[in-house]
Structure formats: structure tokens, C-alpha cells
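Q: What follows is a structure written as C-alpha cells; I'll ask about it next.
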Amino acid sequence: MKAFIQGIGIVGPGFSDWNTCHRVLTGLDGYHPSRCSDPSPTILPANERRRSSEVVRWALEAAQQATQMAQTDPQQLPTVFASSGGETEILHKICHSLTQTPPMVSPTLFHQSVHNAAAGYWSIACTSQKASTSLSCYDSSLAGGLLEAMTRLAVEQEDQVLLVAYDIAAPPP
Numbered sequence: 095m096k097a098f099i100q101g102i103g104i105v106g107p108g109f110s111d112w113n114t115c116h117r118v119l120t121g122l123d124g125y126h127p128s129r130c131s132d133p134s135p136t137i138l139p140a141n142e143r144r145r146s147s148e149v150v151r152w153a154l155e156a157a158q159q160a161t162q163m164a165q166t167d168p169q170q171l172p173t174v175f176a177s178s179g180g181e182t183e184i185l186h187k188i189c190h191s192l193t194q195t196p197p198m199v200s201p202t203l204f205h206q207s208v209h210n211a212a213a214g215y216w217s218i219a220c221t222s223q224k225a226s227t228s229l230s231c232y233d234s235s236l237a238g239g240l241l242e243a244m245t246r247l248a249v250e251q252e253d254q255v256l257l258v259a260y261d262i263a264a265p266p267p
């Protein structure tokens, strides 16, 4: 089986896009970890962007960069979203709110706490009805996502699959 990478999107400390990352990985530039500004993926409508969590915006920014580089219509792509921790900040806020008197969970936070939140926001942004899988395999999430994407190509005979692997640091206890 053969598969090819047509586009890459990356955002993280010291990397705002693939070109910046590539220059560091090839030794052309030094790595300077710096806090990235909160991404604002333009593919997501403004009202959804305001409502979305930080990790969703990071995932969608990387996905948008990858589809733009690949010059692919995101609406036509089945997706695989892989994250070790998912919505850790949202879950932290929910757990904290449950310790309060009275324990009250915000409906918005609850809505954002599901593991497929990034996939849901992506399908809303792209108006895509293509199949989507969200998975978590702790430290093996990238490998699990790659395996799922390759399985889609081989078994489902998809022409292309968008794999989005994403995580942000969990908040302190």
C-alpha cells in the first residue's frame, strides 16, 4: 500500500506553520520556543470561533493549513481526529465547577467537553457530511490516527483522508 502526504499544517510553540517548522527541522533556523497567539481559523464562522475551545481552534488551524497546502476541498474529505487528552481544559473547568456549592456545569462547557468536539466544529465549518472518526490512544494517538487514516484508504477505498493530530498542555491541578 502506498500513501502520500499532500499537505501539512502545524501550529505550536515556536511554529506558526509548516514552513517555519521545516526550517527548524532541517537546521536552517534555530528553534525558539515561544507562546503562539491563539489561532483564529478563518474557516470557522465567527460565532462558532468565539464559542469554540482553545484546543479546537488549534486543531482547526492545523487542518485548515493542511487542506490549503494540499489544495483540497475540505468538504470532500473524510477525517480522522486524534488527540491524547482532548478537551483537558474544559474537563478541568467542569470538574472544578462540580466542587462548588451548588455544583453547576455550564451547558456550553458540557457541549465542548465531548471528545469529538474538534471533528464537529470542522464539519460545521466545512459543511461536510463525510465520515469522521475521533480517537484517543494516549501517547500512541498519532500512531492510532495514522493507522485509522491508512485503514480508510485501504478498506474504505477513500482517495484522500485528512488526519488531524492535536493536543495542548493540560492545566495544572
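So the number in my numbering is just where the residue sits in the sequence shown, counting from 1, plus 94.
In this text, a Cβ means the ideal position worked out from N, Cα and C, and glycines have one as well.
(1) Do the region 116-136 and the region 174-191 touch if we need at least three Cβ pairs shorter than 8 Å?
(2) In the DSSP assignment, find the unbroken alpha helix (DSSP H) run with Ser235 in it and report its ends.
(3) Can you name the residues that DSSP bridges to Ser228?
(4) To the nearest angstrom, how far is it from the Cα of Glu242 to the Cα of Leu256?
(5) Can you tell me which residues form a DSSP beta bridge with Val258?
(6) Grab the span of the alpha helix (DSSP H) containing Gly214 for me, first residue to last.
(7) Considering Ser128, what are the terminal residues of the alpha helix (DSSP H) in which it resides?
(8) Looking only at its own chain, which residues have a Cβ that is under 6 Å from the Cβ of Pro265, when we skip the five neighbours before and after it?
(9) Output yes or no for whether 7 Å exceeds the beta carbon distance between Cys220 and Gln162.
(10) Pick helix, strand or coil for Phe109, following the three-state DSSP scheme.
(11) Just confirm the distance between the C-beta atoms of Thr120 and Val174, as a whole number of angstroms; I'd bet it's less than 8 Å.
(12) With C-beta atoms as the reference, is Ser128 less than 7 Å away from Gly108?
(13) Can you look up Met198 in the DSSP assignment and give me helix, strand or coil?
A: Checking against the coordinates, here is how it stands:
(1) The region 116-136, when compared against the region 174-191, does not touch it at the 8 Å Cβ threshold.
(2) Here the alpha helix (DSSP H) through Ser235 covers Ser235 to Ala248.
(3) Phe175, per the DSSP bridge assignment.
(4) Roughly 11 Å separates the two Cα atoms.
(5) Bridge partners of Val258: Phe175.
(6) For Gly214, the enclosing alpha helix (DSSP H) has its first and last residue at Ala211 to Cys220.
(7) Counting along the chain, Ser128 falls outside any alpha helix (DSSP H), and DSSP gives it neither H nor E.
(8) The beta carbon of Pro265 sits closer than 6 Å to the beta carbons of Glu183 and His186 from its chain, once the five residues preceding and following it are set aside; these are given in chain order.
(9) Not closer than 7 Å, so no.
(10) Under the three-state reduction of DSSP, Phe109 is assigned to strand.
(11) With 8 Å as the limit, Thr120 and Val174 do not qualify as a contact, their Cβ atoms being about 27 Å apart.
(12) Less than 7 Å separates the beta-carbon of Ser128 from that of Gly108.
(13) If DSSP states are grouped into helix, strand and coil, Met198 belongs with coil.
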